[in-house]
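Residue numbers (UniProt numbering), protein chains in the order written: chain H, 1 to 424; chain L, 1 to 424; chain Z, 1 to 424; chain W, 1 to 424.
Here is the structure:
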């Protein structure tokens, strides 16, 4: 476990104790920046310096303030809190080492609204670094991802790397909301090779997936239906029934035709409406998503979904307002990087098994960054770093095997060095 | 305004300041019983002594405790709070005066979860007796109803009445949940004439409706759908979609066929389901109601509604659990009482206009008590006592004209005396 | 049975043998006009002379020609066939007898697409006047109605009647299509009293209903949905699914809110769509109806129904074309006529029972004529003439008791004479 | 065009002039058998000799008789008509030539209910062999397929082939109804290599696809919903609405969840119900299909579809009867045959282009035969023989380029010889 210093383990556990969800990674960002400032970097960007202003699903001010206050109480540096206030989270570390390609590494840093297990069998609980933000948890390994970012940076600093390394610490991945504003910040446009990494994904410690594909493009929406209330006994005819509009929409969202070009998905995942049994409902909402094997397929679903909701509202005399809450395109890992990663992994200590590829089967907004790089002529890949995780992703007993962090740092930094040398 | 003592006005305003919703009329019941104990009664029953145990829509213990605590803080008598704890609210006062018929008067006492207006134009706000239970309000005049009960009792006590008078202070009318357990308590079975009264109903002060008809029988239900969750992107086929089951049910609830025997109603008034956009929803619920111009029509709707929800659940691999939350039959006012009330009202000071009948067009669970009396050979009527009310029933600016309370007491006590004398 | 000559019985049986449905009453009209020409009339109008051009649900030319040919083969007079060709059926006989009110009698003359029973127990079959137009039948007594028209005319001719009598022989009642163009022809505008009559309606011979109410206003529509076809296996996404649009519309038609003003109805009575299992359906249709206790309620339903169908089409990328196929308003019988009919019936031989009123519970387009007269200041009533009918209306064993025709003629002509004398 | 004799062209055009749809290939079978009897065969089976009795979607007797009569009129041999009467169509020719593997060739022979183009640009019309069965047409090249069967048989007869050749002339492919009873007849169980062939599929003359994959498993169903009728105006509540049950089913059929294992399809392709606008519909039906990329996926859809229809019926008090009308599993072409075909095609005159594989994207019941052979340890492949076809498959201007028939015979017979020699 040469690459994984005690310092990095402590860093990871500190983040684990202070999980922060989308756009509220105040302590997290401050802690990362605090670490980065101790490294010999050439450039360092924080929050709005690595994001455009188009931040989807931004919480309201009161919520942001509450979390900022908590970060302060947790001991975050005041000068950094000022920078990140208002949801300006995330960071970019830049290392410039002479002539050579620009290579990016993207890791994400946000946590989930999940209550962490208190069981003795749960390693963080047994070892004193269980979440101190009750009801929130690093249940998808992003504490580990941030650690990979820092560890890879250190390994490259210590090497004979020639070129530019950019390590992106991306906020708000779980809401698929942070990828877009970071991708469009301009900092990706000169990247020749972008590596994104994810721990686990049902691969055990020692397994490496050299280039993951099968990202479903996704679109999250929130639709508000507004009708008109009336007394359900006395004047039912005077109501414009927003719950009936919603029900019609739900039925027909799931009825959108399958597409012969590939897989699509639709879900009305969180819905509600009405006020009381004796009132014809005035309001209702659908929070849902559509997905597609390609961005085009997702857009097909999105267009149909909006038509369904618009017509369902109209049918029942209601208005509907559909807002985008999050979004990510599809993407493919490039073989050039995949091959380099596979080569490096094949000779890395601790790696027992290298898979050339696998299918994510879900969505990720690293794809925004990958796509940006690819559109500008660069290459990108999404690399799986196996870790033994007792519980599944997004469950209360999820944990990462810290052993795997060292392996991940070795493989990723090794691949970066090789890409810089070979420029495949 | 001879019949309306200052004491009664104070009593009404005290109740108005302390509105309590269904099964939580702790202060209210204690206050009423406190008053009743100062009268020369023959019997006095409280809470479980006038209710069977079948109390629908009973809040959970924590909620009940919270309201009990508040009643204590409001100054309710400790010995009475002990009696009413656990949702045992309501009371019955019995006056026995020699040979004569048994005559009942039913008034209701609960309040609504409505925020009372603070406007200067709102009389209770301007006169210092606005609700002190923020978010709750006597917005349907039940504070006045309780006052009518006390006032009529006093008037009869002061008269040459021969017979037995029973004044029922019924809890939980707004939830149509208190009528049934009171009706089945046994106390109604020997009642020869039952009068129920309601203030307002869009009739101004001075107007009396001698016997209201047109009650819609009603059934409130709460249906919980339980399916099975799965990831909407990765494994949509593994989910049993409780929101889709709910949507199918809603569509088909409203599609239940009209009935040629008379008016019916259906409403899915409060619905919801799911947890997150990317999870196939595991749970959902419908709080709804069906109504019918007759009890049979309501039962027709209820049976169809349950079939719809059961089949919708089954269609989508879900379970559904349908619970009754409240219920009231239809009823008709008997002409024998209607005629007496009309006669008395015609000669009562302050009465400017007597309508023989009107249609309620809504639901009321006084019908349970009326039906019980009628089934046992007695007669029943539902009497409207006009009052100028600035805002509509169930709105934040509703209020009763206290002038009308005196008129109501005169008409109701007059009718009781005449019924006792004439036994029509 | 003084008023029912053998000639009239023969006339009725002749019509019964030659049933003709809506707008194809060629033989029927010719036969009626043939008879009328032998009476001392002042005016006689045929087909387009008593109809505006707005004839709903007119069959196509080929169908009309086929029936015209059949009427010719049945022996109808060639000169009359020329007048009625093209669906110009129906007639009006006018008798002018000095000063006095103008009184109208409306009878209808069309038959139904029902196969008449061949059973020995079925009187027409046993007595040689079963339908000769296989698959069509006078199963609602309009053969008898036409006979009432002729018989009443004869009775009035033979009386000392003073005034003007107009007997309307209306086509296409079963399609609720003939009432409107006749009502708007101008011939109703000077009518002071209009009587419409119907045999049976579950009332036995000897029973008279002096003035029927409870007509449901009705609107028949035919909606064609047009989408775009595609192969359901290879390119499902290219289709615009007209069957799915139709299904969405059906679900939501039945979901239109009940109305507190009175009874409403909706039915998608005949639907279809698609071509083959492996083609996303390009076309579909709904033939349906809405009704209301009042014309306003029917219009409420109609407007909502059209919105539902339009939005359902739009939701699924389809077009919809909604055509009116038939229509009738609601109506009420006026007491002035009701009272006169009741008086006359009370003293008419053969009448055993007079009901002041009854509810039709269905629809009739006599209401168009009644409404026209009432709008112009006249009075109208719809009179039920009881007849023992073995099978129900619109069934294969329906028949009228010819005895009742005499009674009907007596009551109707008696009422006409009395209305002329008394002008109530 | 050495392999394509004038006789074979005449044969193909004769079949083209006499198109017969599923289970009615009377003339076709008689014509094929007539030809086969002139060849030196070892065994010859007709109709029920190559089919089990499980013939799905068999037309009713009257329809079968009508087509049999037509075949007689067209000049089919009486003794053969006797054999095929009742829908016993199809044939199997067996050639035994010493030791060697058993090799099968499967071709299909039925036509479609499509009106053939009369345009001069349409080759069959211009050259006198347009369909003489108006409204029916060989619009999918099965006339050519039968010709391939005969031509390959001739070529193998003329060769030094060692082994057994079985040529299957399968009926009722368009209904996906003939594959199953032929597959289960026992005649496939000893087949070592099975080749199925199809012309066209958007591949031009000269192109060969050595082994097609991507068959969607399919299930055709016919569902009859039975409710209870009532008058929509007078007694709507007495009806059990079969059209509403159908609409609910349609909505929810399309809502069946997508599956993460691969593509699925569903379509309600032909639906209908009800009788008249004023009758609550008693009956309705759905003719539909489900498909899946694998047989398991099709079965997933089928199970869900049946549950949807059953629950929709139950929801509206109806019964539903779901019958299977046709079915085909998925299948894959084996590489052993694919490689041989590719080799042979690469050196066949007229072949300009060999594709190793392609995806059908639709359904075919050759898969039943392929699966049967594979289950018994044999190999199977589905071979595409390109042909210039002016109109698309299943359109009125579809035609095959007869040039391609010769190429197909050469490739298929060449592959059979090579398989017999090499036994890969």
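Using N, Cα and C, we set each Cβ at its ideal position, and we do this for glycine too.
Please compile the residues from chain Z whose C-beta is within a distance smaller than 7 Å of the C-beta of residue 291/W.
For the purposes of this step, residue 291/W is taken as the residue at position 291 of the fourth chain. Within 7 Å Cβ-Cβ: 233.
Under 8 Å: do the region 294-306 of chain L and the region 210-222 of chain L share three or more Cβ pairs, one atom per stretch?
yes
Which value, in whole angstroms, describes the spacing of the CA atoms of residue 284/W and residue 225/Z?
Here residue 284/W corresponds to residue number 284 of the fourth chain, with the count starting at 1. Here residue 225/Z corresponds to residue number 225 of the third chain, with the count starting at 1. Distance between the alpha carbons of residue 284/W and residue 225/Z is about 18 Å.
Bridge partners of residue 25/W, per DSSP?
Here the question's residue 25/W lines up with position 25 in the fourth chain. Bridge partners of residue 25/W: none, in fact.
By the DSSP assignment, the alpha helix (DSSP H) with residue 157/L in it spans what residues?
Numbered from 1 along the second chain, position 157 holds the residue referred to as residue 157/L. Counting along the chain, the alpha helix (DSSP H) containing residue 157/L begins and ends at 142-157.
Residues of chain W with CB closer than 8 Å to the CB of residue 278/L, please, in chain order.
Sequence index remark: in the second chain, residue 278/L carries index 278 (1-based). Under a criterion of Cβ atoms nearer than 8 Å, no residue of chain W is adjacent to residue 278/L; the nearest Cβ is some 13 Å distant.
Using beta-carbon positions only, say whether residue 57/W and residue 175/W come within less than 8 Å of one another.
Looking up residue 57/W in the fourth chain gives position 57. Looking up residue 175/W in the fourth chain gives position 175. Yes. Within cutoff.
For residue 212/L, which option in 18/L, 364/L, 6/L and 377/L has the closest C-alpha, if you only look at C-alpha atoms?
What you label residue 212/L is simply residue 212 of the second chain in a count that begins at 1. Checking every option, the nearest Cα to that of residue 212/L belongs to 364/L.
Suppose the cutoff is 7 Å on Cβ atoms and the five residues either side in sequence are ignored; what does the same chain contact list for residue 246/H look like?
Sequence index remark: in the first chain, residue 246/H carries index 246 (1-based). Around residue 246/H: 225, 271, 273, 284 and 286.
Spell out a yes or no on whether the region 104-119 of chain H and the region 385-400 of chain H are touching, meaning 3 or more CB-CB pairs, one atom from each, closer than 8 Å.
Result yes; three or more Cβ-Cβ pairs closer than 8 Å.
Within 8 Å of any Cβ in chain W, is that where the Cβ of residue 216/L sits?
The count along the second chain starts at 1 and reaches residue 216/L at position 216. No, residue 216/L lies away from the interface with chain W (no Cβ there is under 8 Å from its Cβ).
Classify residue 353/Z as buried or exposed, calling it buried when 16 or more other Cβ atoms lie within 10 Å of its own Cβ.
Translated into positions along the third chain, residue 353/Z becomes position 353. By the 10 Å Cβ count, residue 353/Z comes out exposed.
At which residues does the beta strand (DSSP E) containing residue 284/Z begin and terminate?
As a first step, residue 284/Z must be located in the third chain, where it is residue number 284. Note, residue 284/Z: beta strand (DSSP E), 283-292.
Please list the partners that residue 206/L has in chain H, where partner means a Cβ-to-Cβ separation under 8 Å.
Walking along the second chain from the start, residue 206/L turns up at place 206. By Cβ distance, chain H contributes nothing, its closest Cβ being about 24 Å from residue 206/L, past 8 Å.
Taking residue 147/H as the reference, which of 168/H, 127/H, 164/H and 161/H has the closest Cα?
Within the first chain, numbered from 1, the residue matching residue 147/H stands at position 147. Closest option to residue 147/H, Cα to Cα, is 168/H.
Considering just the uninterrupted stretch of the alpha helix (DSSP H) at residue 248/W, what are its terminal residues?
Here residue 248/W corresponds to residue number 248 of the fourth chain, with the count starting at 1. Segment 242-254, the alpha helix (DSSP H) holding residue 248/W.
Determine whether the beta carbon atoms of residue 366/W and residue 356/W lie at a separation below 8 Å.
As a first step, residue 366/W is located in the fourth chain; it is residue number 366 there, counting from the start. As a first step, residue 356/W is located in the fourth chain; it is residue number 356 there, counting from the start. No.
Would residue 24/H be called buried (16 or more neighbouring beta carbons within 10 Å of its own) or exposed?
Walking along the first chain from the start, residue 24/H turns up at place 24. Per the 10 Å Cβ criterion, buried.
Anything in chain W within Cβ reach of residue 361/H, meaning under 7 Å, just list it in chain order.
Translated into the one-based positions of the first chain, residue 361/H becomes position 361. Chain W residues near residue 361/H: 260.
How would you list, in chain order, the residues of chain W whose beta-carbon sits under 7 Å from the beta-carbon of residue 255/H?
Position 255 of the first chain holds residue 255/H. Result: 251, 254 and 255.
Suppose you measure from the CA of residue 417/L to the CA of residue 161/L; what does that come to, to the nearest Å?
Translated into positions along the second chain, residue 417/L becomes position 417. Translated into positions along the second chain, residue 161/L becomes position 161. The alpha-carbon atoms of residue 417/L and residue 161/L are separated by roughly 6 Å.
Rounded to whole angstroms, what's the CA-CA distance from residue 22/Z to residue 110/Z? Just pull it up for me.
Stepping through the third chain from its first residue, residue 22/Z is reached at position 22. Stepping through the third chain from its first residue, residue 110/Z is reached at position 110. The straight-line gap from Cα to Cα measures roughly 6 Å.
Using a Cβ-Cβ cut-off of 7 Å (strictly less than) and excluding sequence neighbours within five positions of residue 1/H, which residues of its own chain qualify?
Here residue 1/H refers to the residue found at position 1 when the first chain is read from its first residue. Annotation note: pLDDT 42 at residue 1/H (below 50); position unreliable, no value reported.
Identify every run of the alpha helix (DSSP H) within the region 58-95 of chain W, keeping only runs that are complete inside it and at least 4 residues long; order them along the chain.
61-73 and 78-84
Who are the Cβ neighbours of residue 103/L in its own chain at under 8 Å, not counting the five residues just before and after it?
For this step, residue 103/L is matched to residue 103 along the second chain. Result list for residue 103/L: 163, 164, 165, 166, 191, 192, 193, 194, 195, 416, 419 and 420, in chain order.
Over what stretch of residues does the alpha helix (DSSP H) that includes residue 6/L continue unbroken?
Counting from 1 along the second chain, the entry for residue 6/L is found at position 6. Here the alpha helix (DSSP H) through residue 6/L covers 6-17.
When DSSP labels each residue in this structure, what does residue 319/Z get in the three-state scheme?
Along the third chain, read from residue 1 onward, the residue named residue 319/Z stands at position 319. Strand, per DSSP.
For residue 290/W versus residue 223/W, is the C-beta distance shorter than 8 Å?
Within the fourth chain, the letter at position 290 stands for residue 290/W. Within the fourth chain, the letter at position 223 stands for residue 223/W. Going by C-beta atoms, residue 290/W is not nearer than 8 Å to residue 223/W.
What is the DSSP secondary structure of residue 356/L, reduced to helix, strand or coil?
Translated into positions along the second chain, residue 356/L becomes position 356. Correct three-state label for residue 356/L: strand.
What is the rounded straight-line gap between the Cα of residue 55/W and the Cα of residue 262/W?
The count along the fourth chain starts at 1 and reaches residue 55/W at position 55. The count along the fourth chain starts at 1 and reaches residue 262/W at position 262. When rounded, the distance between both Cα atoms is 30 Å.
Would you mind reading off the limits of the beta strand (DSSP E) that contains residue 123/H?
The residue labelled residue 123/H in the question sits at position 123 within the first chain. Premise fails: residue 123/H lies in the alpha helix (DSSP H), 123-126, not in any beta strand (DSSP E).
With H, G and I counted as helix, E and B as strand and the rest as coil, what does DSSP make of residue 51/Z?
Residue 51/Z sits at position 51 when you count from the first residue of the third chain. Here residue 51/Z sits in coil by DSSP.
If the cut is a Cβ gap below 7 Å, which residues of chain L does residue 52/Z touch?
Position 52 of the third chain holds residue 52/Z. In chain order: nothing, as chain L lies at least about 34 Å away.
Going by other Cβ atoms of all chains shown within 10 Å of its Cβ, with 16 needed for buried, is residue 88/Z buried or exposed?
Stepping through the third chain from its first residue, residue 88/Z is reached at position 88. Residue 88/Z is buried by the Cβ-count criterion.
Does any CB atom of chain L fall closer than 8 Å to the CB of residue 1/W?
Taking the first residue of the fourth chain as 1, we reach residue 1/W at position 1. Note on residue 1/W: pLDDT 41, under 50, position unreliable in the model; the coordinate value appears next. Chain L, which has no Cβ nearer than 8 Å to the Cβ of residue 1/W, makes this no.
If you reduce the DSSP assignment to three classes, tell me which class residue 340/L lands in.
Residue mapping note: residue 340/L aligns to position 340 of the second chain, counting from 1. Reduced to three states, the DSSP call for residue 340/L is helix.
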